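To start, the structure itself, in structure tokens.
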Amino acid sequence: AKNDIGRYNLYQLISQSHMTYYARRPRIPKSLLNEHREGLLIGSACEAGELYQAVHEKRSAQQIARLAEFYDYYEIQPVGNNQFINSIEDLQNINREIVELGEKFGKPVVATCDVHFLNPDDEVYRRIIMAGKGFDDADRQPPLFLRTTDEMLEEFSYLGAAKAREIVIDNPVKIAGMIEKISPVNPNKCPPVIENSDQELRDICYR
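Per our numbering, residue -8 is the first one in the sequence shown, and the count goes up by one each step.
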């Protein structure tokens, strides 16, 4: 959400995804997304996203172009995140193709970690959650931890130093610059102020 309008639209989409379109998980039809798109930035997501999948499956240039036009920015992740689908070289080439799409369509490409846990050792918690949900591959956790800037620059060094800096530092800063300072809840709605609630919630989660 870039601004107050975007926050309102995001909450409309979240409500609809849970109340109207829920099917095992919340879902948002593209038609609804387009209705409420003002004030939002839409990223292309991880390997499960349709743009990545289209490149991976070598779909037609026309299909890829249609998807590429839809998103405001494209995401690529470290190859270790996606090693379950291809070789390292193939994954690097997919990332190169997405970077080229960014240049072709004038969309920023950002390197994201697709973070699911903070530190590498924390993968055990995601393993437990996924096992509880019945995933067969729960014990094969990709490295979805939060990397440092230097680690990300090293991850994408195969793109060249200048391009790695662009996607790891410059483009995320550019996108952050599009975001106004907004509150998660409109201050005019009189949200309650509960003393020490942030620390108390953190303590409850860790317990």
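Here a beta-carbon is modelled for each residue, glycine too, at the ideal position from N, C-alpha and C. Bear in mind the structure is a predicted one, so any value in this text is a computation, not a measurement.
- The beta-carbon distance between residue 131 and residue 75, rounded to whole angstroms, is 7 Å. This is short enough to meet the 8 Å contact definition.
- Distance from the Cα of residue 24 is smallest, within the candidate group 16, 154, 7, 40, for 7.
- Distance from the Cα of residue 18 is smallest, within the candidate group 68, 161, 30, 3, for 3.
- Judged by DSSP secondary structure, residue 122 falls within the alpha helix (DSSP H) whose first and last residues are 114 to 123.
- Here the alpha carbon of residue 160 sits roughly 14 Å from the alpha carbon of residue 151.
- Between the stretch 63 to 83 and the stretch 31 to 38 there are three or more C-beta pairs closer than 8 Å, enough to call the two in contact.
- The beta-carbon separation of residue 154 and residue 90, rounded to 7 Å, stays under the 8 Å limit for a contact.
- Excluding its 5 nearest sequence neighbours in each direction, residue 116 has C-beta neighbours in its own chain below 8 Å: 108, listed in chain order.
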